[in-house]
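Residue numbers for the sequence shown follow this note's numbering, so the first one is 2 and each next one is one higher.
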Amino acid sequence: MSDTTDYVPPKVWTWNKESGGRFANINRPIAGPTHDKDLPVGRHPMQLYSLGTPNGVKVTIMLEELL
Numbered sequence: 002m003s004d005t006t007d008y009v010p011p012k013v014w015t016w017n018k019e020s021g022g023r024f025a026n027i028n029r030p031i032a033g034p035t036h037d038k039d040l041p042v043g044r045h046p047m048q049l050y051s052l053g054t055p056n057g058v059k060v061t062i063m064l065e066e067l068l
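Written out as C-alpha cells, the structure reads:
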C-alpha cells in the first residue's frame, strides 16, 4: 500500500443517488423526516401507529385485550 494518494475529498459532500431499484433509498445518508404532514386523527382517544413488526403486533393485541 502506498502512502501517496491523489484523492482530495470535496469541500461539500453530495450523495450520488444510484439506480439501485426498489430498495435503493433505505440506506440514504440523510437524517430527519422525508415529508412533513399531519397525522390522521381517528375516532378513538388512543391511536396506535406501528408497523407489522413483532413488537407492534404485541402492543396491538395488548391494547385490544385491555380496551
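Note that the Cβ used here is the ideal one computed from N, Cα and C, for glycine as well. These numbers were taken from a predicted model, which means no experiment stands behind them.
- At least 8 Å separates the beta-carbon of leucine 67 from that of valine 60.
- The three-state secondary structure of lysine 59, taken from DSSP, is helix.
- Taking the Cα of isoleucine 31 as reference, the smallest distance to any Cα among Asp39, Asn17 and Val42 is reached at Asn17.
- Under the criterion of beta carbons closer than 8 Å, glycine 57 and serine 51 qualify as touching, at roughly 3 Å.
- Leucine 49 carries a coil assignment under DSSP once its states are collapsed to helix, strand and coil.
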